[in-house]
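This report refers to the structure that appears directly beneath it.
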Amino acid sequence: MKKIIAFIVVIALLVIAFFYVYSRTGDVFPSSNADLIILSEHGKKEIKIKDRQNVKDMLDILNQGKQVKLTKSVSPDYDGTVKYHEDRFDSFSMWLEGGNYMMYKYKNTYYKLTRHDTKLVQSIIKEESQS
Numbered sequence: 001m002k003k004i005i006a007f008i009v010v011i012a013l014l015v016i017a018f019f020y021v022y023s024r025t026g027d028v029f030p031s032s033n034a035d036l037i038i039l040s041e042h043g044k045k046e047i048k049i050k051d052r053q054n055v056k057d058m059l060d061i062l063n064q065g066k067q068v069k070l071t072k073s074v075s076p077d078y079d080g081t082v083k084y085h086e087d088r089f090d091s092f093s094m095w096l097e098g099g100n101y102m103m104y105k106y107k108n109t110y111y112k113l114t115r116h117d118t119k120l121v122q123s124i125i126k127e128e129s130q131s
């Protein structure tokens, strides 16, 4: 009897661990049905990223960010909004840390981009702000 209960407990713990790991590996932003990203810089005009490929690329880059445990006390460099097909919106905040890397906050979780990914995001923002 003890072996059966121990077996059930072990199986239950494995199932819980699997679903926990699975939930942590999902994309932060689903890029397949996003239409528009609006970035507003404090005191400057809004930047609308309208090009479908740039929207997808930027969200794919943001999804590669690594989750970090910290809090930011300064105001963000950009406040962003992602608009999806079905009139759903997701908001996030973004900081540029010394030109080296970018961080963003989505649903009380902070994510850090690599230096390479930061440069890619900056090039998308620059390209869309000029058009």
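Counting along the sequence shown from 1, when you hit position 111 you're at 111 in full-length UniProt numbering, and nothing is skipped either side.
Backbone N, C-alpha and C define an ideal beta-carbon position, used for all residues, glycine too.
Keep in mind that this is a model prediction, so the values were computed, not measured.
C-beta atoms of residue i and residue j nearer than 8 Å
{"i": "residue 94", "j": "residue 104", "result": "yes"}
{"i": "residue 96", "j": "residue 65", "result": "no"}
{"i": "residue 41", "j": "residue 78", "result": "yes"}
{"i": "residue 59", "j": "residue 125", "result": "no"}
{"i": "residue 111", "j": "residue 68", "result": "yes"}
Among the options, nearest to residue i - alpha-carbon criterion
{"i": "residue 30", "options": "16, 55 and 112", "result": "55"}
{"i": "residue 87", "options": "119, 36 and 46", "result": "36"}
Neighbourhood of residue i by C-beta distance below 8 Å, restricted to the same chain and skipping five residues each side
{"i": "residue 90", "result": "29, 81, 82, 84 and 106"}
{"i": "residue 128", "result": "47, 48, 49, 50, 51 and 54"}
Span of the alpha helix (DSSP H), counted from its first residue to its last, around residue i
{"i": "residue 68", "result": "Where residue 68 is concerned, there is no enclosing alpha helix (DSSP H), although the beta strand (DSSP E) it sits in stretches over 66-68."}
{"i": "residue 123", "result": "115-130"}
{"i": "residue 60", "result": "52-63"}
Chain-order list of residues whose beta-carbon lies under 6 Å from that of residue i (same chain, five-residue window excluded)
{"i": "residue 61", "result": "117, 120 and 121"}
{"i": "residue 115", "result": "100 and 101"}
{"i": "residue 44", "result": "none"}
{"i": "residue 33", "result": "84 and 85"}
Pairwise C-alpha distance: residue j and residue i
{"i": "residue 72", "j": "residue 57", "result": "26 Å"}
{"i": "residue 16", "j": "residue 70", "result": "26 Å"}
{"i": "residue 6", "j": "residue 123", "result": "55 Å"}
{"i": "residue 1", "j": "residue 18", "result": "26 Å"}
{"i": "residue 8", "j": "residue 98", "result": "52 Å"}
{"i": "residue 108", "j": "residue 74", "result": "15 Å"}
Extent of the continuous beta strand (DSSP E) to which residue i belongs
{"i": "residue 97", "result": "89-97"}
Cutoff 7 Å; reference residue i; Cβ partners in own chain excluding five residues on either side
{"i": "residue 76", "result": "93, 94 and 95"}
{"i": "residue 11", "result": "none"}
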